[in-house]
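Set out below in structure tokens:
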């Protein structure tokens, strides 16, 4: 582990700090992360109902919290056009650091696949308009995601493939679309699989994330995740890449700066 007195800056590129699962101890949880060296928190949007909570979080932690705007694919319902209008309106009003999290999720429900595809494409185009990265949510939908990325690929398409859990070949394909791979707790799982090929992926393509409160790393698997647990992910990546924890932290934070511009 990294000693606290020499901790480099660690960046959590994907954490739902506004989640109700943190309502009882949010400030303490954030302080634990800061004490562990995690001082940059990038916050994905889900839907319009989450927007005010995100703004409140930013107001309380202006030096640490950086917001995205977007419509999460599992929240694409019959009212998705209204939700997309909300995204468009918010993007026009103020600064965001990414359009996310956006994408396609066919794990829970395939009913709105067409609407998810429309929403994903529309938000990619908004990201290009505002010269912002995208943050992709993909669950059981690599083919559908890659099909749209192939059609939308351009010099101004870039971002993060959040919670990457695909194969080595899918990792290379994601990288070919100017995407970094968001790596979190799954890399510590015995059945996570990505740890088996990650050493073949240049570290410049990797960013750290928790997706907290979800996907806690070993030894916390099955419990609520939080940003301080990124030190466990770093330890695993240090083992995979045969580098120090500090080198992993510094490289992945620089990669996050390359994506988000801050």
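In the numbering used here, the protein residues as written are 573 to 834.
Using N, Cα and C, we set each Cβ at its ideal position, and we do this for glycine too.
Alpha helix (DSSP H) containing residue i: first to last residue?
i           : result
residue 693 : 685 to 701
residue 718 : 714 to 724
residue 598 : 598 to 607
residue 614 : First-last for residue 614: 610 to 615, but that is the beta strand (DSSP E), not the alpha helix (DSSP H).
residue 744 : 740 to 748
residue 629 : 623 to 632
Flag residue i as yes when its Cβ comes closer than 6 Å to any non-hydrogen atom of the ligand FAD, and as no otherwise.
i           : result
residue 705 : Among the components modelled here there is no ligand, and therefore nothing to report on the ligand FAD.
Leaving aside the five residues before and after residue i along the sequence, list all residues of the same chain whose C-beta is less than 6 Å from its C-beta, in chain order.
i           : result
residue 625 : 590
residue 795 : 788
residue 766 : 759
residue 747 : 777
Short check: CB of residue i to CB of residue j, under 7 Å?
i           : j           : result
residue 648 : residue 687 : yes
residue 755 : residue 778 : yes
residue 714 : residue 740 : no
residue 894 : residue 734 : Because the chain in this structure spans residues 573 to 834, residue 894 falls outside the shown range and cannot be described.
residue 646 : residue 677 : yes
residue 710 : residue 717 : yes
residue 635 : residue 782 : no
residue 749 : residue 712 : no
Would you kindly report the start and end of the unbroken beta strand (DSSP E) that includes residue i?
i           : result
residue 752 : 751 to 755
residue 677 : 671 to 677
residue 711 : 706 to 711
Going by alpha carbons, who is nearest to residue i out of the options?
i           : options               : result
residue 609 : 749, 593 and 580      : 580
residue 582 : 728, 700, 806 and 810 : 806
residue 690 : 724, 814, 747 and 738 : 724
residue 821 : 831, 702, 587 and 809 : 809
residue 703 : 727, 720 and 718      : 727
residue 751 : 722, 767, 762 and 761 : 722
residue 829 : 762, 730 and 603      : 730
residue 607 : 629, 798, 833 and 632 : 798
residue 653 : 694, 628, 627 and 633 : 694
residue 827 : 801, 790, 623 and 774 : 774
residue 831 : 800, 742 and 699      : 699
residue 656 : 705, 605, 612 and 696 : 696
Excluding sequence positions up to five away, which residues of its chain have a Cβ less than 8 Å from the Cβ of residue i?
i           : result
residue 640 : 614, 615, 616, 617, 668, 669, 670, 671, 672, 673 and 707
residue 573 : Any answer about residue 573 is weak, because its pLDDT of 48 lies below 50 and its placement is not dependable; what the coordinates show is given next. Once the five neighbours on either side are set aside, the close Cβ partners of residue 573 are 803, 807 and 817.
residue 764 : 737 and 758
residue 665 : none
Which of helix, strand or coil does DSSP assign to residue i?
i           : result
residue 641 : strand
residue 588 : coil
residue 658 : helix
residue 810 : helix
residue 816 : coil
residue 736 : coil
residue 729 : coil
residue 581 : coil
residue 802 : helix
residue 780 : strand
Using a Cβ-Cβ cut-off of 7 Å (strictly less than) and excluding sequence neighbours within five positions of residue i, which residues of its own chain qualify?
i           : result
residue 650 : none
residue 594 : 601 and 785
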